[in-house]
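Right, one structure below, let's go through it.
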Amino acid sequence: MEDIDFEKELSSFEDEWTEDNPSDEEEIEEEDQDKESESDDGQSESDVEEVQKVPDLEPEDEEEELDENQEDVSKSFNKKQNSAFAEMRRTNKELQEQLAEKGKYVQVLEQLANEKGMSLDSLVEALEERKLEVEAEQKNMPVEALKRMKELEKRTQELEELQIQQRFNQQMHDLVNNYSLSQDDIDEFFKQVEEKGINVLQSDVETIYKALNFDKLLQKTVEEKRQSELAEKKKRQRTSTEVVKGGGNAPEAEEISDEFVDATLKRFGISI
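Numbering-wise, full-length UniProt numbering puts 68 at position 68 of the sequence shown, and it's gapless, one number per residue.
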């Protein structure tokens, strides 16, 4: 596949954009040339400017102010665009340097593989095998035993990661159901944990959610309690009205024991 010169492509794109969007200096130079041309034709530019600057011509003043605003917007856009191009060039340069650095190692490995009469993949496999032999010697154990141990460690790690993911999925499912979360609520929650740098995979999801949204949850609980009490009050009023209309006696108030009163006072630190 043919290599693409990103620097050349980027420079070409920037030149095309510059032709369609002349800079402030080019616009000023073109204006100066127009002025010189008009002066050579015998026109009095100063007289024209004086007429245009008459303060009584309010519509022209508004047009001039609009032109200035458009010029400011254009300058701001050009500045941002130039900054974007600079960032693109910097990123492309860093990428090219990284590719060039890696390319050096690849060339060395390919040369070594050719000298050994091996393919690049075979050479890499042989190097990894040699690395295992050295590690096995350091740990005073057979190479095959070290291989099995590493394979077991890899499978154990994969299993742990799978269990962590499954646990997280279940916790998120429970969280959504228990707190009736919408998609916006979920997005906001993930935004919060990202800003705080919290690893939700290694923590209890509900605990984190309650800690980050304590005020909102408290307000919701108070509002639900208020609505419940309001509904209960309306129910009692409706029952009382039905009893009065039916000619019966109003329900007697529930008797409160002395033990309940004492326990309640003690709970709030009140002694009689």
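Each residue gets a CB set at the ideal place from its N, CA and C atoms; glycine is no exception. Please read all numbers here as calculations on a predicted model, not as lab measurements.
The C-alpha of phenylalanine 189 is placed about 11 Å away from the C-alpha of isoleucine 198. Nearest neighbour of lysine 147 by Cα position, chosen from Tyr105, Ile164 and Glu129, turns out to be Glu129. Following the DSSP letters along the chain, one finds glutamine 170 inside the alpha helix (DSSP H) bounded by residues 143-179. DSSP, reduced to helix, strand and coil, places serine 228 within a helical segment of the structure shown. By the criterion of a C-beta distance shorter than 8 Å, phenylalanine 168 is surrounded in its chain by Val200, Leu201 and Val205, once the five residues flanking it on both sides are discounted. Residue environment: glutamine 96 is assigned as exposed (fewer than 16 neighbouring CB atoms within 10 Å of its CB, all protein chains considered).
In this structure, alanine 113 sits away from leucine 127, with a CB-CB distance that is not shorter than 7 Å. Within the same chain, Leu201 come within 7 Å of isoleucine 164 by CB-CB distance, once the 5 residues on both sides are set aside. Distance from the CA of tyrosine 179 to the CA of glutamate 232, rounded to the nearest whole angstrom, comes to 23 Å. Annotation: lysine 150 to aspartate 187 spans about 38 Å, alpha carbon to alpha carbon. Here valine 143 is not near leucine 152, since their CB atoms are 7 Å or more apart.
Rounded to the nearest whole angstrom, the C-alpha separation of aspartate 121 and alanine 136 is 23 Å.
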